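Asker: Quick one: the structure is below, and I'll ask about it shortly.
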Amino acid sequence: MDHYNNSLSSILDIHAPLKTRTVNFTRSAPWYTNQHRAMKRSGRVLERAYTTSGLTVHKLAYWEHQKSYAKALSSASRVRAERMSLIRRQKVVCCQCWRHSSLPSLLSIPPSPPLLSSTSRSSRLLQHSSSTAPEQHPRPCP
Numbered sequence: 001m002d003h004y005n006n007s008l009s010s011i012l013d014i015h016a017p018l019k020t021r022t023v024n025f026t027r028s029a030p031w032y033t034n035q036h037r038a039m040k041r042s043g044r045v046l047e048r049a050y051t052t053s054g055l056t057v058h059k060l061a062y063w064e065h066q067k068s069y070a071k072a073l074s075s076a077s078r079v080r081a082e083r084m085s086l087i088r089r090q091k092v093v094c095c096q097c098w099r100h101s102s103l104p105s106l107l108s109i110p111p112s113p114p115l116l117s118s119t120s121r122s123s124r125l126l127q128h129s130s131s132t133a134p135e136q137h138p139r140p141c142p
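Each residue of the sequence shown is one higher than the last, beginning at 1 in this note's numbering.
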């Protein structure tokens, strides 16, 4: 018996060797909550009741449940899409705020002021620092 099993496994290894494959698991929708799972389970119960009995009452209950389930899913996905859109818009606003912040001016090398006498030099430095100050953004970034 061992000889038979060994010969079969060697033939299989020759003609159909084992191959490793990478499997990508898809993530579930982030807006699909436990409430949606419970609704789906109750819908399955109603579906089984309808298919086993065939009664109009069970059919109507199943259809009404499916309508409410579809509405719940679409509203949840719509709310998620609106939130993501809002987040994207806030990121764009923050990127636009970058131009109004003081960070770009801090990262750039300011031009060196000219060498003058001590009193005129201090007044020139004050004048130079006030001219290179970044303009204030009308509202703070979130």
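Here a beta-carbon is modelled for each residue, glycine too, at the ideal position from N, C-alpha and C. On a predicted model such as this, the values are computed, not experimentally measured, just so you know.
(1) Could you tell me the distance, in whole angstroms, from the CA atom of SER74 to the CA atom of LYS67?
(2) Does the stretch 46–60 come close enough to the stretch 1–19 to have 3 or more Cβ pairs within less than 8 angstroms?
(3) Determine, using beta-carbon pairs with one atom in the stretch 33–50 and one in the stretch 79–93, whether at least three such pairs fall under 8 angstroms.
(4) So, helix, strand or coil for TRP31, using DSSP?
(5) Give the secondary structure of MET1 by DSSP, where H, G and I count as helix, E and B as strand, and everything else as coil.
(6) How long is the line joining the alpha carbons of TYR159 and PRO30, rounded to whole angstroms?
(7) Do TYR4 and LYS40 have their CB atoms nearer than 8 angstroms?
(8) Using only CA atoms, which one of THR20, ILE14, ARG37 lies nearest to SER28?
Answerer: Let me lay it out:
(1) Here residue 74 refers to the residue found at position 74 when the sequence shown is read from its first residue. Here residue 67 refers to the residue found at position 67 when the sequence shown is read from its first residue. One C-alpha to the other measures close to 11 angstroms.
(2) no
(3) no
(4) Locating residue 31 in the sequence shown gives position 31, where the first residue counts as 1. In the structure shown, TRP31 sits in coil (DSSP, three-state: anything other than H, G, I, E or B).
(5) The residue labelled residue 1 in the question sits at position 1 within the sequence shown. MET1 falls in the coil class under three-state DSSP.
(6) Because residue 159 is not part of the residues shown, which for the chain are 1 to 142, the question remains open.
(7) By 1-based counting over the sequence shown, the position of residue 4 is 4. By 1-based counting over the sequence shown, the position of residue 40 is 40. No, these two residues do not count as a Cβ contact at 8 angstroms.
(8) Within the sequence shown, numbered from 1, the residue matching residue 28 stands at position 28. The residue with the shortest Cα to Cα distance from SER28 is ARG37.
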